[in-house]
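Student:
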Amino acid sequence: AAASRAAAGGAGGGDVGHVRAALVGLSRWVPAEDATEKLVSFDAKHRDGHIFKALGVLCSPTSTARAIKKARDDLMKRLGGKSDDAELIKPLIRRTAMNTVHVDSVPHMLDLLRTAIDDGDLRFARSSADLMLVMAKCFPGLFASSMDVVADIVKAGADGVTAPMMEILATGTDRSELRNTLAPLKKTLLDSCLSGDCDEAKAAVASLVNTYGGKDKTLTSLAASLASEEALDVDNDKLETVLRALASLALEDALSFATVADEVVGFCKGLIVDNEDAADNRRARTGSADQPGCRRRVMCCKVLTNYARGLARLSGKPAGPSVDSLHATARDVMDVLDSVITTDGNPHNSDRASFDEKAETRLAAATCMLRLARVPGFDALISPERFQRVAFLVEDESERVRETLRNKVLHYMNAGRLPVRYLAFLVLAQVPMGKDDRKAFKFAVSRLIANMRARLQRLKEATARASRGTGGRGDATMNDSFDEEVDLDASQDKGGARAGDVDMEAEAGGKGEASGPSAADVQRIQMMPEYAVPATVHLIAHLPDFPTDVNGRGNADGALTLKELQAYVEVMVDMVASDGDALNPGNTSFLLHMLRRMRQCDDTQSPGSRNVHIVNDIVRNVLTRNVKTDSDLSQYPGKIWLPVACFTQLASGPVFSVMESLVPPDFGVSRSPTKSPRKKAHGHGPSPAKAAGKGKAKSPAKRRRVSKSPPAKAGAKAAGTA
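Residue 49 in full-length UniProt numbering is what sits at position 49 of the sequence shown, and the numbering runs on without skipping anything.
(1) Starting from D335 and walking both ways along the alpha helix (DSSP H), at which residues does that stretch end?
(2) Quick check on F443: does DSSP put it in helix, strand or coil?
(3) M572 to K70, Cα distance in whole Å?
(4) Please list, in chain order, all residues of the same chain as N451 whose beta carbon is under 7 Å from its beta carbon, the five residues on each side excluded.
(5) Measure how close the beta-carbons of P643 and P534 come, nearest whole angstrom, since I'm counting them as under 8 Å.
(6) Report, in whole angstroms, the separation of the C-beta atoms of M419 and Q605, which I expect to be a contact under 8 Å.
(7) Answer with buried or exposed for Q457, where buried requires no fewer than 16 other C-beta atoms within 10 angstroms of its C-beta.
(8) Which one of S248, H327, D338, L249 has the shortest CA to CA distance from K269?
(9) From the DSSP output, read off the bridge partner residues of P649.
(10) Could you compute how far the alpha carbon of D159 sits from the alpha carbon of S248?
(11) Provide the residue span of the alpha helix (DSSP H) that contains V150, from first to last.
(12) Taking L122 and S146 to be in contact with their CB atoms under 8 Å, please state how far apart those CB atoms are, rounded to whole angstroms.
(13) Measuring only the C-alpha atoms, how far is R599 from R447?
(14) What does a CB cutoff of less than 6 Å around C300 pick up in its chain, not counting 5 residues either side in sequence?
(15) Determine the contact status of N611 and A567, defining contact as a CB-CB distance below 8 Å.
(16) So which of L251, L142, R400, M334 has the shortest CA-CA distance to F378?
(17) Ordered along the chain, which non-local residues of its own chain (more than five positions away) have a Cβ less than 8 Å from that of R406?
(18) How about C294 and E397: do their beta carbons lie closer than 8 Å?
(19) What are the start and end residues of the alpha helix (DSSP H) that includes A535?
(20) May I have the straight-line CA-CA distance separating R296 from H411, to the nearest angstrom?
(21) For P607, which three-state DSSP category applies?
(22) How would you label D127, buried or exposed, when you count the other beta carbons within 10 angstroms and need 16 or more for buried?
(23) Excluding the 5 residues preceding and the 5 following Q388 in the sequence, name in chain order all residues of the same chain whose CB lies nearer than 8 Å to its CB.
(24) Taking the alpha helix (DSSP H) that E403 falls in, what are its first and last residues?
(25) By the 10 Å Cβ neighbour count, where 16 or more other Cβ atoms means buried, how is R400 classified, buried or exposed?
(26) The alpha helix (DSSP H) that contains V576, what's its start and end?
(27) Go ahead and pull the three-state DSSP assignment for M433.
(28) So A559 and T548 are in contact, right, with Cβ under 8 Å, and what is the actual spacing, rounded?
(29) Apart from the five residues on each side of it in sequence, which residues of its chain come closer than 6 Å, Cβ to Cβ, to M132?
(30) Within the chosen definition, does the stretch 321 to 333 reach the stretch 342 to 359 through at least 3 CB pairs nearer than 8 Å?
(31) In three-state DSSP terms, what is A308?
(32) May I ask you to report which of helix, strand or coil DSSP gives H348?
(33) Quick check on this structure: which residue in A520, I153, D437, E252 has the alpha carbon closest to the alpha carbon of V303?
(34) Less than 8 Å between the C-beta atoms of A129 and L113, yes or no?
(35) Please work out which residues of its chain come closer than 8 Å, Cβ to Cβ, to residue 790, disregarding the five sequence neighbours upstream and downstream, and give them in chain order.
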């Protein structure tokens, strides 16, 4: 009764923290009624959220000694010199050895809760239900003898009460008893999933999955209710709510979610790719101007992505999935996301989808792909073609897509969560920007590069301290993701590949010994901005509007010119090349050695193509502006690694002579125009011909649209990436 009066006082004031402290605390301190009256009196004078937070720490049996001392000091500090108020709450400040709640008070609290529901006092009912859930989590088994009453309260279906009561059912008994208790509540649970309240839907999802997952999928799992035709006809907000709850559960408790994953994943895939007719029919019936399928597809993408990420968290644990199973799930999710991007955010090819809806859908798919790339081991599953399709979205028609995607990449890179090749996204993002936007973004990118170099320096220092007196390269990992070069001059003198180089064909056939970077090398590579150059060169070489004729005479309408390619190259060089002059070229020597290494390789994605080498020559010309002679360049003593997904070492020697130039001799000596060389869809900068006033201006190229990739050639070898 004392706890109930405290709860009523707190509910009247609208402070859940107060009620939490009262119900949990009063059950552990005596005399309870005196403490209650004093606490309610104190609440009438002071309404301070920090005080109630401190009281909650003092009352929790799981609080550490340090947290208790901090909460006590904070509480006394806020009370100041008011000794009378300090005396009022002294029973709550004093710790006691009693670690159990009085079980006899549980039936009384439940009776009051049912009375409040019957009387329509939902505010008091919600506060009491929430605090009883806290008590159930702090003291397992507290409600074991009152499960029937809790089940009746769940069946009543009061707003804000059903969710915590269902969690009490899940935490208060074992699965077998819970299944029997919830047997008559199947319909209520399924209805709660579509109630429109996210917390209640999440609790219902957890109860269904934990109780019936893998036991009775056809009738009681959430997947069964979602897979039904009625699920497509419910209100869009309600279905979005349950999909959001599923996404949260898939990430937080992937093992429980796995019991119904087949049905849920199947439903989500179907909602992304199929069922558009059902959505259109509902839209026609309601007369809504919004496309319900857009928001549902976005949430389904998140559900699938979170499921793969949740399984990755369990990788290596006894109950976790195997590596092969985990990668198979990730590839399956990537296939679905890639289908959304490939179809320009309109996988159904619906005429009713608006520009904003399609942009939102492809943005969701792209950001989900980035989240998967953050998971260790998943980025290697993203092929160069998929990497390019996501990268091209930083030049999307929609300003929201462009801005969101580049900011996310910048944020993930600053946190060290994306591989170094994703710096190529930031290169493409800067070219279509206006002058002011580019200046601000360039500053943010420069801070990112500085952070990467600082992390690399700390890694070198830590490695040096750890390896004093010990030799060795460390464990060899990711050997199939890189190609190496030890001595370029010696390799050329022999007229072929060195024995130290990887023989790509032998490696693909399982012959020979793979040679690749150690784990320490891989960690170092991912912190070196210079290693973004191979991926960026490869990305620029595969732009959809790459010029077919370097002289510009045989290019199709809308194709880039060499000057426009140079704009991309200059952004990349400004990003990764360190400051230097003729006497101190910085990292120019290393970059030129890397470009020389790339000239001895073929394009893995498009064998025989010269596009990579054309971009290579432009980069070389831009880099050597401040280098007078080759004597200014130092010899690079280490190894240079290239991703085999982009570059393949030819066993017969270099594909072109390193002295042969595929661009005009003096091209790249002068800088490209400051503004964007092409007139973009959002209106930055005129075309070069129009700016110079020479001849008829070339019609501006349309913003790049994502199109389906050409079919892979037969016998093409799948390769990993850096």
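C-beta atoms are modelled at their ideal positions from N, C-alpha and C, and glycine is treated no differently.
Tutor: Well, looking at it:
(1) 323 to 342
(2) helix
(3) 51 Å
(4) N414
(5) 6 Å
(6) Checking the sequence, you will find Pro at residue 419 rather than Met. The Cβ separation is near 18 Å, so there is no contact.
(7) exposed
(8) D338
(9) In the sequence under discussion, the amino acid at residue 649 is Gln, which differs from the Pro named in the question. Partner(s): C601.
(10) 21 Å
(11) 147 to 156
(12) Rounded, the Cβ-Cβ distance is 21 Å, inconsistent with contact.
(13) 31 Å
(14) C268, L271, I272
(15) no
(16) M334
(17) V394, F425, L426, A429, F441
(18) no
(19) 533 to 541
(20) 26 Å
(21) coil
(22) Just to set this straight, residue 127 is Ser in the shown sequence, not Asp. Buried, because 16 or more other Cβ atoms sit within 10 Å of the Cβ of S127.
(23) L539, H542
(24) 399 to 414
(25) exposed
(26) 562 to 576
(27) coil
(28) 7 Å
(29) none
(30) no
(31) helix
(32) coil
(33) E252
(34) yes
(35) An answer regarding residue 790 cannot be provided, because it is not within the stretch 1 to 722 covered by the chain.
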